[in-house]
Amino acid sequence: DTAVSQTPKYLVTQMGNDKSIKCEQNLGHDTMYWYKQDSKKFLKIMFSYNNKELIINETVPNRFSPKSPDKAHLNLHINSLELGDSAVYFCASSQDLPTDTQYFGPGTRLTVL
Amino acid sequence: QKEVEQNSGPLSVPEGAIASLNCTYSDRGSQSFFWYRQYSGKSPELIMSIYSNGDKEDGRFTAQLNKASQYVSLLIRDSQPSDSATYLCAVNSGGYQKVTFGTGTKLQVIP
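Sequence order for the protein chains is S and W. Read in order, the letters of the first sequence are residues 68 to 180 in the working numbering. Read in order, the letters of the second sequence are residues 48 to 158 in the working numbering.
Take a look at the structure:
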């Protein structure tokens, strides 16, 4: 049973398109995150939600909009995709605080052409 | 100055040797420190956490923390080829609302 799942695993799209990535966790955790990992492997926090409430929004362009319909789901919608958005996006969850163990999803590799 | 700094490597060690991975951080108020392992093409997974000065051992892994020097390290004893991965240091910053990751050190264990 997958603890943190993401769809799709791969996403190839053209510049200017809009796309979404979905994330679900079945661990009963209260906090969920989106991270971006670039080609240099730097894992950078984008957003965190606690019980559907936005806690962290780390200087991410407004083209990125997270949405948490319930505490088990955190989706990421990206408008007007740019070449620099190409990266691996990881969803993660933790019991409560970010200092609790974070469990990561398998990642979504986004390629913008 | 980066919040969490690691040498990107690669760090190459022969099988059976001790691998030593280092990390420095800038926020003196940090209280929680983590080592995550990430295999190529996979997601990070937690291997160790440490909260107080000194050493913490778990099997072949030992985390060492020195808050005065703002330094945390991970020792891997009897390194195995299966330990070859990127090791990410993570530190809480700005209170407990955020954990910041370093850029990771790539470890290669040579059979």
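C-beta: ideal position from N, C-alpha, C; glycine also.
Return the residue from the list W:Cys-136, W:Thr-109, W:Pro-158, W:Ile-65 that minimises the CA-CA distance to Gln-85 (chain W). Minimum Cα distance to Gln-85 (chain W) is reached at W:Cys-136.
Cβ neighbours of Asp-74 (chain W) in the same chain (closer than 6 Å, five flanking residues each side left out): Spatial neighbours of Asp-74 (chain W) in its own chain (CB-CB distance under 6 Å, excluding positions within 5 residues in sequence) are listed in chain order as Ser-140.
Of all the CB atoms in chain S, is at least one closer than 8 Å to the CB of Gln-53 (chain W)? With 8 Å as the cut-off, Gln-53 (chain W) does not count as an interface residue toward chain S.
Measure the C-alpha to C-alpha separation of Tyr-170 (chain S) and Met-82 (chain S) and round it to an integer number of angstroms. Cα to Cα, Tyr-170 (chain S) sits roughly 31 Å from Met-82 (chain S).
Thinking just about the alpha-carbon of each residue, which of S:Met-99, S:Thr-168, S:Leu-110, S:Asp-85 is nearest to the one in Arg-130 (chain S)? The residue among S:Met-99, S:Thr-168, S:Leu-110, S:Asp-85 with its C-alpha nearest the C-alpha of Arg-130 (chain S) is S:Asp-85.
Distance between Phe-157 (chain S) and Ile-122 (chain S) (C-alpha atoms, nearest Å): C-alpha separation (whole angstroms): 17 Å.
Please compile the residues from chain S whose C-beta is within a distance smaller than 7 Å of the C-beta of Lys-145 (chain W). In chain order: Ile-112, Ile-123, Pro-165.
Note down, in chain order, all residues in the region 114-148 of chain W with a beta-carbon under 8 Å from any beta-carbon belonging to chain S. Residues passing the 8 Å Cβ filter: Thr-133, Leu-135, Asn-139, Tyr-143, Gln-144, Lys-145, Val-146, Thr-147, Phe-148.
Are the CB atoms of Ser-126 (chain W) and Ala-66 (chain W) nearer to each other than 8 Å? Yes. Within cutoff.
How far does the beta strand (DSSP E) with Gly-101 (chain W) in it extend, from its first residue to its last? That run of the beta strand (DSSP E) goes 101-105.
Please report the distance separating the alpha-carbon of Leu-68 (chain W) from that of Asn-117 (chain S). Each residue's CA atom was taken as its position, placing Leu-68 (chain W) and Asn-117 (chain S) some 32 Å apart.
Of all Cβ atoms in chain A, is any one closer than 8 Å to the Cβ of Gly-95 (chain S)? The question asks about chain A, but that chain is absent: this structure's protein chains are S and W.
Is the region 52-62 of chain W in contact with the region 94-104 of chain S, if contact means three or more CB pairs nearer than 8 Å? Fewer than three beta-carbon pairs drawn from the region 52-62 of chain W and the region 94-104 of chain S are found closer than 8 Å, and the two stretches are therefore not classed as touching.
Since I believe Leu-112 (chain W) is in contact with Phe-80 (chain W) (beta carbons under 8 Å), could you give me their beta-carbon distance rounded to a whole number of angstroms? Contact holds; Cβ gap of about 6 Å.
Give the DSSP-derived three-state secondary structure of Leu-78 (chain S) in the structure shown. Of the three classes helix, strand and coil, the one that applies to Leu-78 (chain S) here is strand, per DSSP.
Are the C-beta of Thr-168 (chain S) and some C-beta of chain W separated by less than 8 Å? With 8 Å as the cut-off, Thr-168 (chain S) counts as an interface residue toward chain W.
Given that a residue counts as buried once 16 or more other Cβ atoms are within 10 Å of its Cβ, and exposed if not, what is Tyr-77 (chain S)? Tyr-77 (chain S) comes out exposed.
Which same chain residues, not among the five before or five after Lys-153 (chain W), have their C-beta less than 6 Å away from its C-beta? Cβ within range, chain order: Gly-56, Pro-57, Thr-133.
Secondary structure at Ser-129 (chain W), three-state DSSP: helix, strand or coil? Look at Ser-129 (chain W) here: in three-state DSSP terms it is helix.
Separation of Gln-117 (chain W) from Gly-151 (chain S), as counted between CA atoms: If I take the Cα positions, the gap works out to 33 Å.
Got a sec: which bits of the region 78-97 of chain W sit with their beta carbon under 9 Å from any beta carbon on chain S, in order along the chain? Within the region 78-97 of chain W, the residues whose Cβ lies closer than 9 Å to some Cβ of chain S are Gln-78, Ser-79, Phe-81, Tyr-83, Gln-85, Gly-88, Lys-89, Ser-90, Pro-91, Glu-92, Leu-93, Ser-96, listed in chain order.
Checking contacts by CB at 8 Å: is Gly-174 (chain S) closer than that to chain W? Gly-174 (chain S) counts as touching chain W.
According to DSSP, is Asp-163 (chain S) part of a helix, a strand, or is it coil? Correct three-state label for Asp-163 (chain S): coil.
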